[in-house]
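See below for the structure under consideration.
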C-alpha cells in the first residue's frame, strides 16, 4: 500500500478521509479532490 492509499484508508469504518492528497491518480489537483470526495462518500455509504 502506498502512502496516498494509507492516508485515504478509513479509521474503524467511521472516519473517512478525502482531499487531493489522498488521490493516487490526480494528486495536487481539483480533479483529484473531487475524485477522492466521491470515493470517500461511496465508502461512507457502504
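Numbering (the numbering used here), first residue to last: 12 to 57.
Cβ atoms here follow ideal geometry from the backbone N, Cα and C, with glycine treated the same way.
- 8 angstroms or more divides the Cβ of residue 50 from the Cβ of residue 35.
- In the same chain as residue 39, and ignoring 5 residues on each side of it, the C-beta atoms closer than 6 angstroms to its own belong to 31, in chain order.
- Counted as a single uninterrupted DSSP element, the stretch harbouring residue 12 is not any alpha helix (DSSP H), since DSSP gives it neither H nor E.
- With a cutoff of 8 angstroms on beta-carbon distance, residue 48 and residue 20 are scored as not near each other.
- The shortest CA-to-CA distance from residue 17 to any of 57, 33, 55 and 54 is the one to 33.
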